[in-house]
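Below you'll find the structure, written out as structure tokens, and then a few comments.
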Amino acid sequence: MTVRQISVFIENRAGRLEMIARLLGDAGINIRALSLADTSDFGILRLIVNRPADAEAMLRRHGFTLRMTEVVAVEVPDVPGGLAGVLSLLAAHQINVEYMYAFVEKTADKAVLVFRFNDSARAMDVLRGAGIRLLGEADILTK
Amino acid sequence: MPSSASRIFDPAAERLEPEKRRTLQLERLQTQLRRLYDGSHYYGEKMRAVGVRPQDIRGLEDLARLPFTEKEDLRRQYPYGAMTVPLADVVRLQASTGTTGRPIMVGYTRTDLEIWTQTVARILVAGGLSCDDIVQIAFGYGLFTGGFGLHQGAERVGATVIPVSSGNSERQVALMRDLGVTALVCTPSYALCLAEELERQGITKSDLRLRLGFFGGEFWSEIMRKQIQSRLGLLATDNYGLSEVMGPGVSGECLRQDGMHIAEDHFLCEVVDPETGDSLPDEAEGELVFTTLTRQASPVIRYRTRDRSRILTEPCPCGRTTRRMAKVTGRADDMLIIRGVNVFPSQVETVLLAFSEIRPHYELVVSRDGAMDQLEVRVEADGGLFSDRMGEMAALRDRLQRRLDSVLGLRVRLTLLEPGSLERVPGKARRVRDLRVW
């Protein structure tokens, strides 16, 4: 069970992030989570949106370089130590996290962790085995 | 400053009456063509392909009947295909700089080396060098002809030669001061770089004994000459050459600094229209084309240099009777010369294609940061040039950077851009922006 994430290449110059946010907003696409990784001259914007296919087509039409990637979303209680518990489980099984970011669900006392693993299948087995709930698109993209 | 009535290294050749020189050129050309027609598979085929025999060339005006030799033709003959003597007779190999994959290898027999040495000695003496000078050669020593060419010539003049080679400005400056260097040999941009290093170390002109500079290997303007002369306190002359023809020594300025005297007894110089290939009269600007008259191992017939210049015929008060070449003003193709290294946009394209299946959009921006030329390669990140993982992206960027550095032979600044950032022009894309001021 994975979730589609859109990664977009952006140059580090004023207004690029705003441009993407505006394009998505104008198209009525809601951003559920995002993370930005950057170097001195470029950045990678990662987005989870409610209509990934539409967002992908629209951004491509506007000429952006992007890639659709499957990421793993897990639900943890929104309490101190929630993230640490998942990370120590992964570390114990020597599963490498390529990158991750998190967002908080408004309606429940839950946080959602989004992971990119180099071996997603094994990571998901380990998480499921420990009774951690994996979220599908239906769980988080319904806004 | 040296007086403008300097010595002449080889008066018999350099002051030869123009009419006698033309006779000598024709004799040498005919001898060369007869030898190549029968003895060189490569040039023999070229002449047969256009149906020209050596006996058809009865005067210098018949030169235009001979086929051109292009850089690409010579590259295809790598390594030995265009050499016209047995390798046993070749005592030196050199190569053209900074070209994709295969360089153009050129060979020299003992006689070639001797003539090369003499032609360089001529331009050094023309620019004021004597046996009392201490010469610092800051050209690279290697396959590039600059280092060895100037070295041999300066030794022939009898000067004291310091073969420092290029790079390490701090050490260059220390040697320049400690050894009492009087003449500097390098590219004009490196001369400015050394001027900056001197200023950085607080060394002034009066701490030095510099009086002459011999600069070549790239284009430079009169403005740059003034700067170099005032900052280093020397008289700067321009010289020209390329390995496909011989190396440095093809032409060089005398102390009048008004056009480079061509060693016409060894190199026949024409100017042609770069588009049509038609011969142009003296004084008209066009592309320089050279035919070697005496070169044994790697002769060239009507070699197209892609360098733009014109031939000056007005007699020079220095007493030399040769025609002169004006400063090279640019290229007839898209080749760039950056810190003395030849760069073609196509080389960048070849590297990029290895990273991405799609044809990448890119541009080359050349600028001057202080004295040093900088090359920025701007590439739209697309297709194979993108990953959602930062580590992979950084590694990709580094690999591309290293590949560009090694293929181009100089350090470039690589910038990844969003698609669509570069201007799209219908037809031929504009790949180069040269922001340097000459």
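The listed protein sequences derive, respectively, from chains A and B. Using my numbering, the letters of the first sequence map in sequence onto residues 1 to 143. Using my numbering, the letters of the second sequence map in sequence onto residues 144 to 581. Where a beta carbon is used, it is the ideal one built from N, C-alpha and C, also for glycine. None of the values given here were measured: they were computed from a predicted structure.
With 16 other Cβ atoms within 10 Å as the buried cut-off, status of residue i
i              : result
T242 (chain B) : Summary for T242 (chain B): the model assigns pLDDT 46, below 50, so the residue's position carries little reliability; its value from the coordinates is reported in the next sentence. Buried: at least 16 other Cβ atoms inside 10 Å.
P442 (chain B) : buried
A155 (chain B) : exposed
G136 (chain A) : exposed
S147 (chain B) : For S147 (chain B), the pLDDT reaches just 46, beneath the cut-off of 50, and the residue's location in the model is therefore unreliable, although a value from the coordinates is still provided. By the neighbour-count rule (16 or more Cβ atoms within 10 Å), S147 (chain B) is not buried but exposed.
P460 (chain B) : exposed
G131 (chain A) : exposed
Y251 (chain B) : buried
Y383 (chain B) : buried
G289 (chain B) : buried
K106 (chain A) : exposed
V233 (chain B) : buried
P246 (chain B) : buried
I444 (chain B) : buried
V3 (chain A)   : buried
T347 (chain B) : exposed
L377 (chain B) : buried
Cβ neighbours of residue i in the same chain (closer than 8 Å, five flanking residues each side left out)
i              : result
R158 (chain B) : I151, G462, R463, T464
G82 (chain A)  : V76, A111
A302 (chain B) : L267, L272, S273, C274, D275, D276, I277, V278, A326
M148 (chain A) : Residue 148 (chain A) lies beyond the residue range present for chain A, which begins at 1 and ends at 143; the question has no answer from this structure.
V74 (chain A)  : V86, V112, L113, F115, L127, I132, R133, L134, L135
L318 (chain B) : Q279, I305, V307, V324
M536 (chain B) : F529, S530
L337 (chain B) : A281, S312, Q315, V316, M319, L327, C329, L375
Partners in chain A for residue i, counting only beta-carbon separations shorter than 8 Å
i              : result
E561 (chain B) : F9, I10, E11, R16, G63, F64, T65
A524 (chain B) : F9, F42, T65
A600 (chain B) : A query on residue 600 (chain B) cannot be resolved here, the shown segment of chain B reaching from 144 to 581 and no further.
Simplified DSSP state of residue i, which is helix, strand or coil
i              : result
S364 (chain B) : coil
D199 (chain B) : helix
V443 (chain B) : coil
S312 (chain B) : helix
C336 (chain B) : helix
D216 (chain B) : helix
I140 (chain A) : helix
Y126 (chain B) : Outside the modelled stretch of chain B, which goes from 144 to 581, sits residue 126 (chain B), for which no answer is possible.
F42 (chain A)  : strand
H294 (chain B) : helix
Q517 (chain B) : strand
Y180 (chain B) : helix
G129 (chain A) : helix
I95 (chain A)  : coil
T242 (chain B) : Unreliable positioning characterises T242 (chain B) in this predicted model, as indicated by a pLDDT of 46, which lies under 50. The coordinate reading is nonetheless provided below. T242 (chain B): coil per DSSP, three-state reduction.
K106 (chain A) : coil
Q261 (chain B) : helix
I29 (chain A)  : coil
Chain-ordered chain B contacts of residue i [CB-CB under 7 Å]
i             : result
A37 (chain A) : M533
Neighbour list for residue i in chain A, Cβ cutoff strictly below 9 Å
i              : result
T558 (chain B) : E11, D41, F42
Close beta carbons around residue i, own chain, < 6 Å, minus the five adjacent residues each side
i              : result
N96 (chain A)  : N118
D139 (chain A) : none
Q372 (chain B) : A379
W363 (chain B) : P331
V8 (chain A)   : L45, F64, L66
Closer than 8 Å at the beta carbon, the chain B residues around residue i
i             : result
E98 (chain A) : R532, G534
Under 7 Å by beta carbon: chain A residues contacting residue i
i              : result
F529 (chain B) : F9, T65, R67
Same chain, Cβ closer than 7 Å to residue i, neighbours up to 5 away in sequence not counted
i              : result
G187 (chain B) : L179, Y180, D181
L423 (chain B) : V414, V415, D416, G429
A207 (chain B) : S422
R165 (chain B) : L203
S564 (chain B) : E523
V263 (chain B) : G292, L293, Q295, G296, P391, G392
Q370 (chain B) : L335
E98 (chain A)  : R116, F117, N118
Y185 (chain B) : Q220, G224, A225
Proximal chain B residues relative to residue i, where beta-carbon distance stays under 9 Å
i             : result
R46 (chain A) : D531
Q.
Whether or not the region 467 to 486 of chain B and the region 403 to 418 of chain B are in contact is what I'm after, with contact meaning three or more pairs of Cβ atoms, one per stretch, closer than 8 Å; do they touch?
A. At 8 Å Cβ cutoff, the stretches touch.
**Q.** Three CB pairs or more closer than 8 Å across the region 483 to 500 of chain B and the region 388 to 396 of chain B
**A.** no
Q. Taking one C-beta from the region 337 to 349 of chain B and one from the region 223 to 236 of chain B each time, how about it: are there three or more such pairs within less than 8 Å?
A. Proximity of the region 337 to 349 of chain B to the region 223 to 236 of chain B falls short of the contact definition, fewer than three beta-carbon pairs being nearer than 8 Å.
Q: Pair every Cβ in the region 510 to 525 of chain B with every Cβ in the region 550 to 559 of chain B, then say whether three or more of these pairs are closer than 8 Å.
A: yes
Q.
With three or more C-beta pairs closer than 8 Å as the rule, is the region 394 to 401 of chain B touching the region 326 to 337 of chain B?
A. Taking 8 Å as the limit for Cβ pairs, the verdict is that the region 394 to 401 of chain B does not touch the region 326 to 337 of chain B.
Q) If you pair each beta-carbon of the region 251 to 260 of chain B with each one of the region 355 to 362 of chain B, do three or more pairs fall below 8 Å? A) Touching, no.
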